[in-house]
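> Numbering (my numbering), first residue to last: 18 to 358.
Where a beta carbon is used, it is the ideal one built from N, C-alpha and C, also for glycine.
Here it is: the structure, laid out below.
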Ligand code: GLY
């Protein structure tokens, strides 16, 4: 088992290890939570693990809330439904929400936790690789609006994150590839050794997850509210979000990030902003994990879509570029300059 401390405003642990879910009831007790628990999950994960988790928490007063699966349900309507259920079940401010699922469940349940009674505690139990290494850590919660992804949300840190690799046994291969997009991202921006580990055969998943979480925890500790340093976690994301949108969301998030990293790196190399060789290395790794190549996507065609990214400040944009493999920087420019580059 590995335990990583996230030094946010209110620090918390991320525990990583096979079978760690079985320690959830005692971990909740250690948080001083002895009241009601609302387990929020979706239909897919609920079908696989809903009963098991409810039984595991059996000694406690559990309210079980299942939302529909899929990005289209990452919405204010879903949050409203969850809030109504919490109120019907009379959860109080001292009670606890457990978000059991992938990134969408974590973001939606976390946002409901941030809103309900102006904020109740929650625990993240991620069941996908992507959620384990990225979205469950760092306190970003929220939903999509018609105008775009993640446009409504709140920073609300969990009290605990439990990453149990056993959940990955039922993870579809395509979902695993999504997680790998974020894993490769961490290596690119902060740890060349992680990239080397990923390039070599084998490699323990627990260690890889733990290293990603360590890197994320470091960025969150430096910049919890995403004003500077934390933005480096968006390597591959500006174009990745544009690719998701251009594909009508047929390309899922992690794979879009994989293509986004390839495209931005190639673009930066051609302009002398990143040393040559980085894009080749990223391509070799994303290919190794069978991720989409996205050969038809070019940065020049995507700036226009990227111009609607919520992270833009007016026409200014901060691109995350690589200084070298394992080290990144923010390159401040404007959409006009990019469209003319
Ligand atoms: N997923 C990027 C962040 O948490 O900042």
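Please report how far the alpha carbon of residue 84 lies from the alpha carbon of residue 121, in whole angstroms.
Walking along the chain shown from the start, residue 84 turns up at place 67. Walking along the chain shown from the start, residue 121 turns up at place 104. Rounded to the nearest whole angstrom, the CA to CA distance from residue 84 to residue 121 is 10 Å.
> Which residues mark the beginning and the end of the beta strand (DSSP E) in which residue 3 is found?
Residue coverage of the chain in this structure runs from 18 to 358, which leaves residue 3 outside it and unanswerable.
> So residue 358 is in the alpha helix (DSSP H); what residue range does that whole segment cover?
To locate residue 358, count along the chain shown from 1; it is residue 341. Here residue 358 belongs to no alpha helix (DSSP H), and DSSP marks it neither H nor E.
> Rounded to whole angstroms, how far is the Cβ of residue 347 from the Cβ of residue 335, which I believe are closer than 8 Å?
Here the question's residue 347 lines up with position 330 in the chain shown. Here the question's residue 335 lines up with position 318 in the chain shown. Their Cβ separation, rounded to whole angstroms, is 5 Å, which keeps residue 347 and residue 335 in contact under 8 Å.
> Please report the distance separating the alpha-carbon of residue 182 from that of residue 354.
Within the chain shown, residue 182 is the residue found at index 165, counting from 1. Within the chain shown, residue 354 is the residue found at index 337, counting from 1. Going by the C-alpha atoms only, they are around 44 Å apart.
> Assuming residue 95 is part of the alpha helix (DSSP H), what are its boundary residues?
Locating residue 95 in the chain shown gives position 78, where the first residue counts as 1. That run of the alpha helix (DSSP H) goes 93–105.
> Using CA atoms only, rank isn't needed, just tell me which of 212, 274, 234 is closest to residue 26.
Here residue 26 is taken as the residue at index 9 of the chain shown, counted from 1. The residue with the shortest Cα to Cα distance from residue 26 is 234.
> Looking at residue 1: is its Cβ nearer than 8 Å to the Cβ of residue 175?
Look at the range of the chain in this structure, 18 to 358, and you will see that residue 1 is not part of it.
> Evaluate residue 187 with the Cβ neighbour count: other Cβ atoms within 10 Å of its Cβ, from every protein chain shown; 16 or more gives buried, anything less gives exposed.
Counting from 1 along the chain shown, the entry for residue 187 is found at position 170. Residue 187 is exposed by the Cβ-count criterion.
> Can you confirm whether the segment 82–101 touches the segment 159–178 when touching is taken to mean that 3 or more C-beta pairs between the two stretches lie within less than 8 Å?
yes
> So, residue 79 versus residue 116, is the Cβ gap smaller than 8 Å?
Within the chain shown, the letter at position 62 stands for residue 79. Within the chain shown, the letter at position 99 stands for residue 116. Cβ atoms of residue 79 and residue 116: not closer than 8 Å.
> Say whether the segment 153–164 touches the segment 124–136, bearing in mind that this needs 3 or more beta-carbon pairs closer than 8 Å, one atom from each stretch.
Note that the segment 153–164 touches the segment 124–136; at least 3 beta-carbon pairs, one per stretch, sit closer than 8 Å.
> Give the DSSP bridge partners of residue 341, in chain order.
The count along the chain shown starts at 1 and reaches residue 341 at position 324. Residue 341 is bridged to 344.
> Using a Cβ-based criterion (distance less than 7 Å to any ligand heavy atom), does residue 253 qualify as near the ligand GLY?
As a first step, residue 253 must be located in the chain shown, where it is residue number 236. Answer for residue 253: no, Cβ out of range of the ligand GLY.
> Below 8 Å on the Cβ atoms is my contact criterion, and I expect residue 291 with residue 285 to pass it. Report the Cβ-Cβ distance as a whole number of Å.
Here residue 291 corresponds to residue number 274 of the chain shown, with the count starting at 1. Here residue 285 corresponds to residue number 268 of the chain shown, with the count starting at 1. That pair is a contact at about 4 Å.
> Taking 7 Å as the cut-off, is the CB of residue 243 close to at least one heavy atom of the ligand GLY?
Counting from one through the chain shown, the residue named residue 243 turns up at place 226. At least one heavy atom of the ligand GLY is nearer than 7 Å to the Cβ of residue 243, so yes.
> Just to confirm the assignment, what range does the beta strand (DSSP E) spanning residue 303 have?
Here residue 303 refers to the residue found at position 286 of the chain shown. Element bounds for residue 303: not the beta strand (DSSP E) but the alpha helix (DSSP H), 295–305.
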